[in-house]
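A.B. asks:
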Amino acid sequence: MPTRSRLHVPVTPARPGEISDFSWLRLSPAGAIARPEPGARSGDITFLADGLVRVLDDAGEAIGPWHPHLEVQDLQIGLRHMLLTRVFDDRMQRIQRSGKISFYMRSLGEEAVSVAQAQALRPADMLFPSYRNQGLQIARGRPLVDLMCQVLSNTRDMCKGRQLPVLYHWREGNIFSISGNLATQFPQAVGWAMAAAIRGQDAVAASWIGEGASAEADFHHALLFASVYRAPVILNVVNNQWAISTFQGFAGGEQRTFAARGPGYGIAGLRVDGNDFLAVHAVTQWAAERARTGHGPTLIEHVTYRGAAHSTSDDPARYRPRDDYQHWPLGDPVERLKQHLIRLGEWSEERHAGLSAELEDHVAASWKEATRFGTLTDPPRLDPHLMFEDVFREMPPHLRRQDAELRAERGQG
Amino acid sequence: MAQMNLIHALNSAMDVMLGRDPAVVVLGEDIGYFGGVFRVTEGLQRKYGEHRVLDTPIAEGGIIAAAIGMGVNGLRPVAEIQFADYIYPGYDQIVSELARLRYRSAGEFFAPVTVRTPCGGGIRGGQTHSQSPEAIFAHVSGLKVVMPSNPYDAKGLLIASIEDDDPVIFFEPKRLYNGPFDGNPNQAAVPWSAHPLGEVPEGHYTVPIGKAAIARAGSDLTIVTYGTMVHVCEAAARGLGLDAEIVDVRTMVPLDTDTICASVARTGRCVIAHEATRFAGFGAELAATIQEQCFWNLEAPILRVAGWDTPYPHAFEWEYFPGQARVVRALRTVMEAG
Ligand SMILES: Cc1ncc(C[n+]2csc(CCOP(=O)(O)OP(=O)(O)O)c2C)c(N)n1
Ligand SMILES: [Mg+2]
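Chains A and B, in that order, give the protein sequences.
The numbering used here numbers the first residue of the first sequence as 1 and each following residue consecutively.
The numbering used here numbers the first residue of the second sequence as 1001 and each following residue consecutively.
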């Protein structure tokens, strides 16, 4: 027996050169987890935080109490939006390599989280995303050209050149501005939801955070405020196993699920197969109903895998096995929904190939359109003097002076 | 001596200190197995183990607080904050705790923590990977604040910081990691191997905290600056054919007013340059101090060159950055005055 304390260091299951290992991942069979009423007391449903809600089984069949029984057309739209997200991401990644944009972040393997959730929520519900939720924008119908112009920091950039690529916002679409600082959006979503309750609105708020960023104090502020005021909010932890090079064990995932933090605060906590479109849709609907009927917040942990590099500045081969993603037990969300639709007789490999080609064309045409408004390297360029606007509602004298100084510096004085 | 860039020099400082002093520990996000997003801690965990070089949760407040506790219990922590832009969740722990622990406990408790963090722009990082927040730390009593401008100083200052019993906030101008940068992004990058201060001793040495350096001796005017701007100002003065004396502040707190004011008293003209926003920036402290001590020697008003008082915009990086054009305008004005 040890006679003194010893510092524990979380174990990373596989590093480069080692064989991928997911034996530690606790799974439940599809259909195995009960579905309580959305108004259930959080203390009575703690099993949801330790199990894994799954609807699609390995054969692509939808089973069990969480089966959302969606219309075929909605499934096809979901597939389309996930695939579009992926095609868009791939294209932006390639374009970053060519130097036309400075930076990009893909959501490969996590498309179901954003797309199914956006589909399960209402247009008036307010979304507070992280930087890996482009699927929310796409599922809410944002034109790709708008996203591309932001990524290009060009003359039609919604952020007027001020933000790093992918840090979008969409006021009309009820999608909040994305911060480069991790976790800040999480408690803000709770505040928005508290305001909805104060003002008697029907809308709920939803926010997303990476499992890595859930270590920040802001995560805990969000849970506490949500619990204290029973705010109508859906708090999502996207557990894609990695935070840049750091395995989720360092965020506390080794001891307990991330969903289990919910019950600790008196909040419903629910763990879901994040690569199962139907399961994500179902739990989101459940949480939205819970919020809308005055039963308060839900913390949802989406178990998924970051299939791509953290960003275009990152090389995951330095810290995880190259083929790690191929061994991920929960598969690929696009492939799984596709198989389900094929099984229903509502899709085929041919239609899928046709859809891919159509979306590739759509992305290519959108890119052509977006670059008409300028790129990092080609005109037209945003007017640099826009830099001084929006610091305040009205430009104070010292910024006016600096604006004039910049004009002189650029030979326009 | 060895050729080192700023990254290697900082790495070498931590390597030397981990090797010499078993109390030294290094902690931060992605710094262990991976070696840090800028590779400053590369190889240290392999060499010293997971109990000396710790990957942490993504929680800057937690990192600083844990470092304080470790420091109180006899360790000498070196905490990395991945970008200075992400230091704010740790700001309360730094300002309310780390800075004042010695004072409030009448010297009975202290935490010899060094906080390393990359700062500054010029890497297309947008508003959340480009900030220079040194002034909001220099403003806090009880913190030493350091920013080197070259590999030799970086290593010597980092070792001095780690050995210092007081807390040190150690800013690393990330645009200088791989080479001196003169402010012109269109010019081919120059490596540190082409610079005399890229020659760095392999073993232990210190550069004292609280001492400015004369980066270039001259007589026409004094440029007081630090970090990336040392190199930008050198190039700007050279371009104008001015015999400028360039004082590299190196340590904001404690400030070496003697070296700075002796130079300004001699030249009678002064330009202050930093990358951080201008309003209530560290340049204001410098200008006030110089004015107090050198008023009767001044032949022209002191001018400040700085970043604009806006967040650091992604698309207008080079219009924001106080490059040679902005420095040149100030140099001309100061030289023509009086
Ligand atoms: C406050 C703060 N600290 C550090 C960073 C740097 N950073 C950006 S992304 C990231 C990893 C986040 O991982 P996770 O939350 O799991 O999200 P994922 O990238 O996996 O989607 C880090 C450390 C930051 N942006 N903000
Ligand atoms: Mg993650």
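Beta carbons are placed, not taken as given, at the ideal position from N, Cα and C, and that holds for glycine.
Please read these numbers as outputs of a predicted model, since none were measured by experiment.
#1: Is there a C-beta anywhere in chain A that falls below 8 angstroms from the one on Asp1030/B?
#2: Do the region 1041–1051 of chain B and the region 1176–1194 of chain B touch if we need at least three Cβ pairs shorter than 8 angstroms?
#3: Where Pro297/A and Val72/A are concerned, what is the direct C-alpha to C-alpha distance, given to the nearest angstrom?
#4: When the cut-off is 8 angstroms and only beta carbons count, does Gln1187/B lie next to chain A?
#5: Can you list the residues near ligand 2, meaning Cβ strictly closer than 7 angstroms to any non-hydrogen atom, in the order they appear in the chain?
#6: Name the chain A residues that come within less than 8 angstroms of Phe1034/B, Cβ to Cβ?
#7: Assign Lys338/A to one of three DSSP states: helix, strand, or coil.
#8: In this structure, how does DSSP classify Val233/A when only helix, strand and coil are distinguished?
#9: Quick check: the Cα distance between Tyr168/A and Ile178/A, rounded to an integer number of angstroms?
#10: Ligand 1 heavy atoms versus the CB of Pro1089/B: any closer than 7 angstroms?
#11: If you scan the region 186–225 of chain A from start to end, which runs of the beta strand (DSSP E) of 3 or more residues do you find wholly inside it?
#12: Can you find a heavy atom of ligand 1 that lies under 7 angstroms from the Cβ of Ser1130/B?
#13: Using the Cα positions of Ala1306/B and Gln134/A, report the straight-line distance between them to the nearest angstrom.
#14: Among Ala1160/B, Leu1331/B, Ala1213/B, which residue has its Cα nearest to the Cα of Val1016/B?
#15: With DSSP collapsed to three states, give me the class of Met126/A.
#16: Residues of chain C with a CB under 8 angstroms from the CB of Asp1309/B: which are they?
#17: Along the region 1120–1135 of chain B, where does the CB come closer than 8 angstroms to a CB of chain A? Name the residues.
#18: How far does the beta strand (DSSP E) with Val1146/B in it reach, from first residue to last?
#19: Would you list, in chain order, the members of the region 1041–1059 of chain B that have their beta-carbon closer than 8 angstroms to a beta-carbon of chain A?
#20: Would you say the beta carbon of Arg132/A is closer than 7 angstroms to some non-hydrogen atom of ligand 4?
#21: Taking all protein chains shown into account, decide if Asn1073/B is buried (16 or more other Cβ within 10 angstroms of its Cβ) or exposed.
#22: Locate the beta strand (DSSP E) running through Arg132/A, then write down its first and last residues.
#23: Which residues, taken in chain order from the region 40–54 of chain A, show a beta carbon closer than 9 angstroms to some beta carbon of chain B?
#24: For Leu418/A, which residues in chain B fall below 7 angstroms Cβ to Cβ?
#25: Which of the three DSSP states, helix, strand or coil, is assigned to His1231/B?
#26: Okay, do the region 1115–1129 of chain B and the region 1172–1182 of chain B touch, 3+ Cβ pairs below 8 angstroms being the bar?
#27: Any beta-carbon of chain A closer than 8 angstroms to the one on His1008/B?
#28: Could you tell me whether the Cβ of Glu216/A comes closer than 8 angstroms to any Cβ of chain B?
#29: For ligand 1, is there a heavy atom less than 7 angstroms away from the beta-carbon of Glu360/A?
#30: Identify the continuous beta strand (DSSP E) that holds Val1224/B and give its terminal residues.
#31: Which stretch, first to last residue, makes up the alpha helix (DSSP H) that contains Phe977/B?
#32: If you compare alpha carbons, which of Ile209/A, Gln248/A, Lys100/A, Gly141/A is closest to Ser130/A?
#33: Counting only beta-carbon atoms, is Arg1076/B nearer than 8 angstroms to chain A?
#34: For Phe247/A and Pro1167/B, what's the separation of their Cα atoms in angstroms?
#35: List the residues of chain B whose Cβ lies closer than 9 angstroms to the Cβ of Asp388/A, in chain order.
#36: CA-CA distance, His67/A and Leu376/A?
C.D. replies: Quick look at the numbers:
#1: Start at 1 with the first residue of the second sequence, and residue 1030/B comes out as number 30. So yes, Asp1030/B belongs to the interface.
#2: Result no; under three Cβ-Cβ pairs closer than 8 angstroms.
#3: By one-based count along the first sequence, residue 297/A stands at place 297. By one-based count along the first sequence, residue 72/A stands at place 72. Cα to Cα, the separation comes out at about 30 angstroms.
#4: Here residue 1187/B is taken as the residue at index 187 of the second sequence, counted from 1. Answer no: the Cβ-Cβ gap between Gln1187/B and chain A never drops below 8 angstroms.
#5: Answer in sequence order: Gly210/A, Glu211/A, Gly212/A, Val238/A, Asn239/A, Asn240/A, Gln241/A, Trp242/A, Ala243/A, Gln248/A, Arg306/A.
#6: One-based indexing of the second sequence puts residue 1034/B at position 34. Close partners of Phe1034/B in chain A (Cβ separation under 8 angstroms): Ile244, Ser245, Thr246, Arg318, Tyr319.
#7: By 1-based counting over the first sequence, the position of residue 338/A is 338. Helix.
#8: Mapped onto the first sequence, residue 233/A falls at position 233. The answer is strand: DSSP assigns Val233/A an E or B state.
#9: The count along the first sequence starts at 1 and reaches residue 168/A at position 168. The count along the first sequence starts at 1 and reaches residue 178/A at position 178. Computed Cα separation, rounded: 6 angstroms.
#10: Here the question's residue 1089/B lines up with position 89 in the second sequence. True, at least one ligand heavy atom lies under 7 angstroms from that Cβ.
#11: Along the region 186–225 of chain A, the beta strand (DSSP E) occurs as fully enclosed runs of 3 or more residues at 205–210, listed in sequence order.
#12: Looking up residue 1130/B in the second sequence gives position 130. Checking the 7 angstroms criterion, the Cβ of Ser1130/B is out of range of every heavy atom belonging to ligand 1.
#13: The residue you call residue 1306/B lines up with position 306 of the second sequence. The residue you call residue 134/A lines up with position 134 of the first sequence. Rounded to the nearest angstrom, the two C-alpha atoms are 36 angstroms apart.
#14: The residue you call residue 1016/B lines up with position 16 of the second sequence. Residue Ala1160/B holds the alpha-carbon nearest to the alpha-carbon of Val1016/B among Ala1160/B, Leu1331/B, Ala1213/B.
#15: The residue you call residue 126/A lines up with position 126 of the first sequence. In this structure, Met126/A counts as strand in the three-state DSSP scheme.
#16: No chain C appears in the structure shown, which is made up of the protein chains A and B.
#17: Going along the region 1120–1135 of chain B in chain order, one finds Arg1124, Gly1125, Gly1126, Gln1127, Thr1128, His1129 with a Cβ nearer than 8 angstroms to chain A.
#18: On the second sequence, position 146 is the one that residue 1146/B refers to. In this chain, the beta strand (DSSP E) harbouring Val1146/B covers 1144–1146.
#19: Per Cβ criterion, the list reads Glu1050, His1051, Leu1054, Asp1055, Thr1056, Pro1057, Ile1058, Ala1059.
#20: As far as ligands go, the structure on display features ligand 1 and ligand 2 and does not contain ligand 4.
#21: Locating residue 1073/B in the second sequence gives position 73, where the first residue counts as 1. Taking a 10 Å sphere around the C-beta of Asn1073/B, we find fewer than 16 other C-beta atoms and assign the residue as exposed.
#22: Position 132 of the first sequence holds residue 132/A. Counting along the chain, Arg132/A falls outside any beta strand (DSSP E), and DSSP gives it neither H nor E.
#23: Cβ contacts with chain B come from no residue of the region 40–54 of chain A.
#24: Within the shown structure, residues of chain A are numbered from 1 to 413, placing residue 418/A beyond reach of any answer.
#25: Mapped onto the second sequence, residue 1231/B falls at position 231. In the structure shown, His1231/B sits in a helix (DSSP, three-state: H, G or I).
#26: Yes, the region 1115–1129 of chain B touches the region 1172–1182 of chain B.
#27: Taking the second sequence and counting its residues from 1, the one referred to as residue 1008/B is at position 8. No, His1008/B lies away from the interface with chain A (no Cβ there is under 8 angstroms from its Cβ).
#28: Within the first sequence, the letter at position 216 stands for residue 216/A. For Glu216/A, the nearest beta carbon of chain B is closer than 8 angstroms to its own beta carbon.
#29: The residue you call residue 360/A lines up with position 360 of the first sequence. Relative to ligand 1, even the nearest heavy atom lies 7 angstroms or more away from the CB of Glu360/A.
#30: On the second sequence, residue 1224/B is found 224 positions in, with the first residue counted as 1. 1221–1225 is the extent of the beta strand (DSSP E) around Val1224/B.
#31: This structure leaves residue 977/B out entirely; chain B is present only between 1001 and 1338.
#32: Residue mapping note: residue 130/A aligns to position 130 of the first sequence, counting from 1. Measuring from the Cα of Ser130/A, the nearest candidate turns out to be Ile209/A.
#33: Indexing the second sequence from 1 puts residue 1076/B at position 76. Put simply, the CB of Arg1076/B is far from chain A, with every gap to its CB atoms at 8 angstroms or more.
#34: Taking the first residue of the first sequence as 1, we reach residue 247/A at position 247. Taking the first residue of the second sequence as 1, we reach residue 1167/B at position 167. Going from the Cα of Phe247/A to the Cα of Pro1167/B covers about 30 angstroms.
#35: Translated into the one-based positions of the first sequence, residue 388/A becomes position 388. Just to set this straight, residue 388/A is Phe in the shown sequence, not Asp. Here the neighbours are Trp1308, Asp1309, Thr1310.
#36: Taking the first sequence and counting its residues from 1, one reaches residue 67/A at position 67. Taking the first sequence and counting its residues from 1, one reaches residue 376/A at position 376. The alpha-carbon atoms of His67/A and Leu376/A are separated by roughly 46 angstroms.
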